[in-house]
Every structure is written in structure tokens, then in C-alpha cells.
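Student: Here the sequence shown is numbered in the numbering used here, starting from 2 and rising by one per residue. Glycine included, every Cβ here is placed at the ideal spot set by N, Cα and C. Computed from a predicted model, the values in this text were never measured in an experiment.
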Amino acid sequence: MNSDLQRNERRRLAYIMGPNYSGSTLLTLLLADHPDIATVGELKATAMGDVTSYNCSCGELLTDCSFWKEVKQLLLKQGQDFSFHDFKTHFRDKKHPFTDRLLRAALRSPFFETIRDVGFILSPAARKVRQDIIEQNRSLIEIICILQQARVFLDDSKEPVRLKFLLAADLWDIRAIHLIRDGRGVTNSYMRHNKASMVKAAQEWTHTQQECDRMSKLLGSRRCLTVHYEDLCLEPAKTLTTIYQFLELQPEPSTSSNRTKHIMGNQMRLGSLQDIRIDEKWKQTLTPEDLQTFTATAGKLNHIHGYR
2 MNSDLQRNER RRLAYIMGPN YSGSTLLTLL LADHPDIATV GELKATAMGD VTSYNCSCGE
62 LLTDCSFWKE VKQLLLKQGQ DFSFHDFKTH FRDKKHPFTD RLLRAALRSP FFETIRDVGF
122 ILSPAARKVR QDIIEQNRSL IEIICILQQA RVFLDDSKEP VRLKFLLAAD LWDIRAIHLI
182 RDGRGVTNSY MRHNKASMVK AAQEWTHTQQ ECDRMSKLLG SRRCLTVHYE DLCLEPAKTL
242 TTIYQFLELQ PEPSTSSNRT KHIMGNQMRL GSLQDIRIDE KWKQTLTPED LQTFTATAGK
302 LNHIHGYR
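#1: Quick one: which unbroken alpha helix (DSSP H) runs of 4-plus residues sit fully inside the segment 214 to 242? Chain order, please.
#2: If I'm right that Thr47 touches Asp157 with Cβ under 8 angstroms, what's the distance once you round it to whole angstroms?
#3: In the DSSP assignment, what residue or residues form a beta bridge with Thr40?
#4: If distances are taken between C-alpha atoms only, which option among Leu108, Ala39, Phe85 comes closest to Gln211?
#5: State yes or no: is the C-beta of Ile142 within less than 8 angstroms of the C-beta of Ile17?
#6: Among Leu220, Arg223, Glu205, Ile264, which residue has its Cα nearest to the Cα of Leu302?
#7: Who are Leu14's beta bridge partners in DSSP?
#8: Kindly list the residues whose CB is nearer than 6 angstroms to the CB of Arg13, restricted to its own chain and excluding five residues on each side of it in sequence; keep chain order.
#9: Please report how far the alpha carbon of Ile1 lies from the alpha carbon of Leu123, in whole angstroms.
#10: Could you name the residues that DSSP lists as bridge partners for Met265?
#11: Is the segment 27 to 44 close to the segment 193 to 203, with three or more CB pairs under 8 angstroms?
#12: Does DSSP put Ser25 in a helix, in a strand, or in coil?
#13: Helix, strand or coil: which one does DSSP assign to Leu31?
#14: State buried or exposed for Gly50, treating a residue as buried only when at least 16 other CB atoms are found within 10 Å of its CB.
#15: Can you tell me where the alpha helix (DSSP H) holding Phe295 begins and where it ends?
#16: From this set, Asp183, Lys239, Asp291, which residue's C-alpha is nearest Gly307's C-alpha?
#17: With a cut-off of 8 angstroms, do at least 3 Cβ pairs link the segment 93 to 106 to the segment 123 to 134?
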């Protein structure tokens, strides 16, 4: 367990990519037990709401957590701007609509991505914003790895376009974990959390899954590992061993990390992982009409990923 890197060695960055509600918080909590993996969950830090009432996974309020206070102190010492209200790690620019569009637009075809790249070439201001966000991510990753005494950093931010920018920075040895879950389970959760129709949920899942598929194809099998949520729940030890091997870590660490976790994400971050249970509530919850709508909208893509 060592956060130090050899001279000229790039830090390995593991990136979980997939639609929301695919089980990434579960995977993050399990991987966080490896002594060589540092993580805070979603480094983009966008889903916390009111940070004054947001609990870190350690149980403390984020603003009272000693770990996050130390992170903030070290960042400010380096001259980096940092606030619990805005980590400045998310690729967005609320002040400049053109730059924001370049940063937030979904990952699309090679032609569209060329247009995006040309947009950055033609706009020094947009390039500056992108570089500042990259630098903020770099500083946070290094500080967190040092504090957690780990060599590999795990980012559970999920967005393929964020991964595109991290890859383009060429600062890390990046390995992507493409997390896939039965789309019916994802859409069931999406409908419940967002009070949305199945049409909206299925469209959202399809668009995001297609983004992830594009990035997975671009990366290839050496830099992207496909993991199914169902396999993680039913065979966690086997699945984790496969991931450790992919990340070139000891497959079966002799001891799990006993450090306190400081993870951002959904409510699962506050619970216990003593009993891992697969969530297939969609089988009881979705109506025949819901299932028919899903099949018409997203059934083919779900089938491609092995779900019948």
C-alpha cells in the first residue's frame, strides 16, 4: 500500500462508466476495501444538493468531516480554489454558454467529436476553462491518494464525456470499467427517483448506454473492462478479482483496507455491505405496459448486452 509513484510513472485512474442506477455506488464501496485503491466516489461532485446537510459516508456532515477539511486545507495551500459547494471538478461553465455546450454535450459520433475539438481549438477561453478543471481534478486526485495511501484512484463519475476529457489530458494511465445493468432495472429506478414515464426513462437509458458503448469501443479491451451489475451481486468475489487483475492489482489482498471511507454518491454509501442482494424489483413493479414500452424503445439494445 503506497501512494508514491516511480519517476515518470503516471498514476493509474480507474473510471466507472455507465448510466445512473447501474450499481456504481455498490461497486465503489466494494473496491474501496482494496488497500491500493483510493476513492471518494463521484469526483465530479454534482449530486449533493444542500452540502450543509449532506453526510459523508463516514457519518459526519461533509462540512464537518476531518478528511474533507484536510483535503480543502491542502488544496488551498496549493493555491487551488475549493469550496464544498463547488469542487470545480465538473466539466461545466455556467458563465459562458458556448464553453458550457462544448463541455457538457454528450459523447457522439466521430464527426460530432471533431466539431467539439475544433470548437476548443478556436476558443482559447474554452481551452483555459477545460484546463483549469483538469488541473483541479489532478490536484484532488493526488491529495486523496496521498491521504488514503493508495496508488490507484477510482472515479465513479460515470459520464463518458468526462472520461473523454480525462483521457485527452494524458496525465493518467486510465482504465475504464463499463458497468452494465439490465435496462429494465435501470429504468425502474429512474422512474421512481425522477417521477418519470417509462418512455422518458427508456430514452434516457438508451442515450447514455449508447454513449458508454461508443467510449468502450474507442478504448478497446485493454483499457476498458465490461462488468455486469448482476454478476457483481451474485458472484462478488469472482467479479472483484477480475477487476483487480484488470487494474494490475493483487487479486486477493491479504488484508482489506481498514481506513474510514469518505464516499459521495447515493444513499447506499451510508449503509452496510455485509449482505449484498441483487435489486430486481422491476420484475414486480413494472407493468405489462411498461415492459412493452421498454421493449419498443430499448429492447434491442438491452438484448445486445445479453438481457432477454
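Tutor: Judging by the given coordinates:
#1: 230 to 235
#2: Actually they do not touch by this definition, with Cβ atoms about 12 angstroms apart.
#3: Leu155
#4: Leu108
#5: No Cβ-Cβ contact shorter than 8 angstroms links Ile142 with Ile17.
#6: Glu205
#7: Phe154, Ile175
#8: Taking C-beta separations shorter than 6 angstroms and ignoring five residues to either side along the sequence, the partners of Arg13 in its chain run Val153, Asp174, following chain order.
#9: As displayed, the chain neither begins before 2 nor continues past 309, which places residue 1 out of reach and without an answer.
#10: Gly42
#11: no
#12: If DSSP states are grouped into helix, strand and coil, Ser25 belongs with the helices.
#13: Leu31 falls in the helix class under three-state DSSP.
#14: That one is exposed.
#15: 289 to 305
#16: With distances taken between Cα atoms, Gly307 lies closest to Asp183.
#17: yes
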